[in-house]
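Q:
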Amino acid sequence: MRPIHRLLTAAAIGAVAALGWTDGALAGPTIEAIKKRGNIRCGVSPSTAGFSIVDSQGVRRGFDADVCRAVAIAMFGDISKVEFVATTTQTRFTALQSGEVDILSRLTTWSLTRNSTLGLNFPAVTFYDGTGFIVPKKLGVKSAKELNGATVCLQPSTTTEMVVADYFRQNNMKFTAVVIENAEEMRNAYFAGRCDVYANDRSSLAAIRAQTATPDDHVVLPELISKEPLAVAVRKGDEEWGDVVRWTVYAMIEAEELGVDSKNVDQMLGSNDPNVKRLLGVTPGNGKSLGIDDKFAYNVVKMLGNYAEIYDKNLGPTTAINLERGLNTLWNKGGLLYSPPMR
Ligand SMILES: N[C@@H](CCC(=O)N[C@@H](CS)C(=O)NCC(=O)O)C(=O)O
142 MRPIHRLLTA AAIGAVAALG WTDGALAGPT IEAIKKRGNI RCGVSPSTAG
192 FSIVDSQGVR RGFDADVCRA VAIAMFGDIS KVEFVATTTQ TRFTALQSGE
242 VDILSRLTTW SLTRNSTLGL NFPAVTFYDG TGFIVPKKLG VKSAKELNGA
292 TVCLQPSTTT EMVVADYFRQ NNMKFTAVVI ENAEEMRNAY FAGRCDVYAN
342 DRSSLAAIRA QTATPDDHVV LPELISKEPL AVAVRKGDEE WGDVVRWTVY
392 AMIEAEELGV DSKNVDQMLG SNDPNVKRLL GVTPGNGKSL GIDDKFAYNV
442 VKMLGNYAEI YDKNLGPTTA INLERGLNTL WNKGGLLYSP PMR
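Each position in the sequence shown, counted from 1, maps to that position plus 141 in our numbering.
1) Taking the alpha carbon of Y452 as the reference point, which residue from C294, V417 and D205 has its own alpha carbon closest?
2) In three-state terms, what does DSSP make of Y479?
3) Can you give me the Cβ contacts of E397 inside the same chain, cut-off strictly under 7 Å, excluding the 5 residues immediately before and after it?
4) Rounded to a whole number of angstroms, what is the C-alpha to C-alpha distance between A168 and G432?
5) Can you determine whether any heavy atom of ligand 1 sits closer than 6 Å to the C-beta of P370, and answer yes or no?
6) Following the continuous beta strand (DSSP E) through E369, name the residue where it begins and the one where it ends.
7) So which of N413, Y391, C294 and M216 has the shortest CA-CA distance to T171?
8) What separation, rounded to the nearest whole angstrom, lies between the Cα atoms of R210 and A392?
9) So, using beta-carbon positions, are T272 and S367 closer together than 7 Å?
10) Looking at D270: is its Cβ nearer than 7 Å to the Cβ of L420?
11) Measuring alpha carbon to alpha carbon, tell me which residue in T230, T232, L237 and K177 is nearest C183.
12) Would G191 and L456 qualify as a contact pair, given that the criterion is a beta-carbon distance under 7 Å?
13) By Cβ distance, which residues of its chain are closer than 6 Å to F437, with the 5 residues on each side in sequence left out?
14) Identify the residues that DSSP records as bridge partners of G316: which are they?
15) By Cβ distance, which residues of its chain are closer than 7 Å to V304, with the 5 residues on each side in sequence left out?
16) DSSP three-state call for D164: helix, strand or coil?
17) Tell me where the beta strand (DSSP E) around N262 begins and ends.
18) Indicate the three-state DSSP secondary structure (helix, strand or coil) for G273 in the structure shown.
19) Considering only C-alpha positions, which residue in the set K278, Y308, A318 and N289 is nearest to P297?
20) Quick one: grab the DSSP three-state call for F225.
21) Note the first and the last residue of the continuous beta strand (DSSP E) segment covering C183.
22) Would you decide whether S186 is buried or exposed? Buried here means 16 or more other CB atoms lie within 10 Å of its CB.
23) Under a Cβ-count criterion, where at least 16 other Cβ atoms within 10 Å of its own Cβ denotes burial, should D379 be classed as buried or exposed?
24) Okay, do the segment 250-259 and the segment 464-480 touch, 3+ Cβ pairs below 8 Å being the bar?
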């Protein structure tokens with residue numbers, strides 16, 4: 142379904158504007174469905190420590206889960222209005238295409254063919270990653286270049302599968318793939334020695350180390366063999382929904398850049414900085430233009446935090462994951478996080 146404003150001539154747009162219709166965004170079908178249902182459905186990974194895992198109280202924790210919560214806050218001003226749907230590497234795209242979920246926040250790499258042939262849009266990168274390898278220390282392997290002939294544990298329908306094949310071919314090495322869909326089975330297979338090495342995004346390698354009692358028995362090899370920009374994904378053809386998702390992620394990044402966090406956000410309402418005023422809705426307009434509350438960014442930061450807070454809580458030095466921010470630092474601090482102007 143095409144939003145009406147794309148079908149209008151310039152003259153008609155003028156008439157529509159005169160009627161005041163363009164004051165707010167025209168809601169697309171996904172937003173309408175979400176409003177009717179009263180929550181967002183978010184596809185996440187079942188059990189990746191630091192990203193999406195159910196804790197002992199039955200609460201889903203992690204960076205990816207918090208990104209879903211941020212979008213729920215932006216839509217409803219309520220952190221609880223999200224239903225998590227566990228998806229495997231293989232079921233994730235059909236879950237989104239079929240409408241079972243509204244959004245994927247699931248360690249999913251943005252790539253050209255996923256964008257073009259799967260009918261998906263990737264509104265924003267949430268975590269810049271890359272493929273690496275983890276091996277048991279006792280094998281004495283120091284570099285990925287020593288992996289000729291290795292058995293490699295992989296998950297199906299991942300970019301990892303393709304990237305590993307490219308890497309071995311390019312380096313004239315051979316490998317045997319052990320492909321397992323279920324993440325827990327995959328971890329168990331690796332720990333039981335069914336493969337010599339486990340390949341995945343660096344973040345997931347940190348997660349797997351956090352999910353064993355003996356993390357020091359495993360080493361992550363120094364090579365990073367690909368770019369894996371992990372991004373939120375939505376269906377194509379519904380730009381309004383994609384826009385809400387995109388600007389929710391950027392609001393968290395912008396808040397960090399402007400020094401706005403969950404502790405000082407109320408104080409920041411009195412800031413003289415025009416960017417802070419726009420972000421927090423003191424100067425109205427941003428939210429309304431997206432069809433949501435002008436206070437959406439204020440609510441996200443107040444109820445959840447800015448990007449740094451969400452990162453630190455789930456992946457930072459006080460967690461078992463302990464992943465350096467690396468590329469996931471702000472652009473003006475040497476990283477890649479950069480929000481386009483929120484105005
Ligand atoms: N970023 C890559 C790899 C994603 C991936 O393999 N994720 C694994 C790493 S842990 C995962 O989600 N496992 C959890 C699961 O399948 O339940 C992609 O988009 O294909």
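By construction, the Cβ of each residue, glycine as well, lies at the ideal position given by its N, Cα and C atoms. Just so we're clear, the structure is a prediction, and the values are computed from it rather than from any experiment.
A: According to the structure data:
1) As a working note, residue 452 is residue 311 in the sequence shown. Of the listed residues, the one whose Cα sits closest to Y452 is D205.
2) One-based indexing of the sequence shown puts residue 479 at position 338. Correct three-state label for Y479: coil.
3) Taking the sequence shown and counting its residues from 1, one reaches residue 397 at position 256. Excluding sequence neighbours, E397 sits near N447, Y448, A449 and L471.
4) Walking along the sequence shown from the start, residue 168 turns up at place 27. Walking along the sequence shown from the start, residue 432 turns up at place 291. Between A168 and G432, the C-alpha separation is close to 7 Å.
5) Locating residue 370 in the sequence shown gives position 229, where the first residue counts as 1. Not under cutoff, so the answer is no.
6) Here residue 369 refers to the residue found at position 228 when the sequence shown is read from its first residue. That run of the beta strand (DSSP E) goes E369 to R376.
7) Start at 1 with the first residue of the sequence shown, and residue 171 comes out as number 30. Taking only the C-alpha atoms, the option nearest T171 is M216.
8) For the purposes of this step, residue 210 is identified with residue 69 of the sequence shown, where counting begins at 1. For the purposes of this step, residue 392 is identified with residue 251 of the sequence shown, where counting begins at 1. Taking the straight line from one Cα to the other gives about 13 Å.
9) The sequence position of residue 272 within the sequence shown is 131, counting from 1. The sequence position of residue 367 within the sequence shown is 226, counting from 1. Yes. Within cutoff.
10) Counted from its first residue, the sequence shown places residue 270 at position 129. Counted from its first residue, the sequence shown places residue 420 at position 279. No, Cβ-Cβ distance for D270 and L420 is not below 7 Å.
11) Taking the sequence shown and counting its residues from 1, one reaches residue 183 at position 42. The option with the nearest alpha carbon to C183 is L237.
12) In the sequence shown, the residue the question calls residue 191 occupies position 50. In the sequence shown, the residue the question calls residue 456 occupies position 315. Their beta carbons are under 7 Å apart, which means G191 touches L456 by this criterion.
13) Position 296 of the sequence shown, counted from the first residue, corresponds to residue 437. Counting only Cβ-Cβ distances below 6 Å, and skipping sequence neighbours, we find A215 and G428.
14) Locating residue 316 in the sequence shown gives position 175, counting from the first residue. It should be noted that the sequence gives Phe, not Gly, for residue 316. According to DSSP, which records beta bridges pairwise, F316 is partnered with A291.
15) Here the question's residue 304 lines up with position 163 in the sequence shown. Counting only Cβ-Cβ distances below 7 Å, and skipping sequence neighbours, we find T272, I366 and S367.
16) Taking the sequence shown and counting its residues from 1, one reaches residue 164 at position 23. Only weak support exists for where D164 lies, its pLDDT of 44 falling under 50; the value from the coordinates is given anyway. Note: D164 maps to helix in three-state DSSP.
17) Position 121 of the sequence shown, counted from the start, is the residue given in the question as residue 262. That run of the beta strand (DSSP E) goes L261 to D270.
18) Along the sequence shown, read from residue 1 onward, the residue named residue 273 stands at position 132. The answer is strand: DSSP assigns G273 an E or B state.
19) In the sequence shown, residue 297 corresponds to position 156, counting from 1. Taking only the C-alpha atoms, the option nearest P297 is A318.
20) Translated into positions along the sequence shown, residue 225 becomes position 84. DSSP places F225 in strand when its eight states are reduced to three.
21) One-based indexing of the sequence shown puts residue 183 at position 42. Looking at the DSSP string, the run of the beta strand (DSSP E) that includes C183 is I181 to V185.
22) Residue numbering aside, residue 186 sits at position 45 when the sequence shown is read from its first letter. With 16 or more Cβ atoms within 10 Å of its Cβ, S186 is classed as buried.
23) Taking the first residue of the sequence shown as 1, we reach residue 379 at position 238. It is buried - the Cβ of D379 has at least 16 other Cβ atoms within 10 Å.
24) no
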